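Residue numbers (this note's numbering): 1 to 117.
Now the structure itself:
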């Protein structure tokens, strides 16, 4: 089973595959900050220090809240991120959390699909 290393709190938790980073933190006292759990507030933003390849794909809600700027720096929302089949190390920083929480969600551009008549 994979481990989630909550670097900031010093906790390492063995979790089943496809476990959510925030839910495991709540269940086993990983201390990842949180508020809404739905990808809206940004409180659970965390930096993936190691093991990004063992996370599922970035969700639309994460892309809207974090934008490419934060995603490109290795940040994800704990409430939207699931560990697949390997160890992941995450950290968080109060200043980053404050900045992300203030960020207005991006509007997702819908691709126009040509309709054949």
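From the three backbone atoms N, C-alpha and C, an ideal C-beta is built for every residue, glycine too. Quantities reported herein were computed from a predicted structural model and do not represent experimental measurements.
Give the secondary structure of residue i by DSSP, where H, G and I count as helix, E and B as strand, and everything else as coil.
i          : result
residue 65 : helix
residue 79 : helix
residue 71 : helix
In terms of residue numbering, what span does the alpha helix (DSSP H) encompassing residue i cover?
i          : result
residue 99 : 94-102
residue 26 : 21-28
Please tell me whether residue i and residue j are closer than 8 angstroms, where the distance is taken between their beta carbons.
i          : j          : result
residue 47 : residue 74 : yes
Where residue i and residue j are concerned, what is the direct C-alpha to C-alpha distance, given to the nearest angstrom?
i           : j           : result
residue 35  : residue 23  : 12 angstroms
residue 106 : residue 100 : 12 angstroms
In the DSSP assignment, the beta strand (DSSP E) including residue i goes from what residue to what residue?
i          : result
residue 89 : 88-91
residue 5  : 3-6
Inter-stretch contact at 8 angstroms, needing at least 3 Cβ pairs: the region 31-43 / the region 77-95:
Under the 8 angstroms Cβ criterion, the region 31-43 counts as touching the region 77-95, having at least three qualifying pairs.
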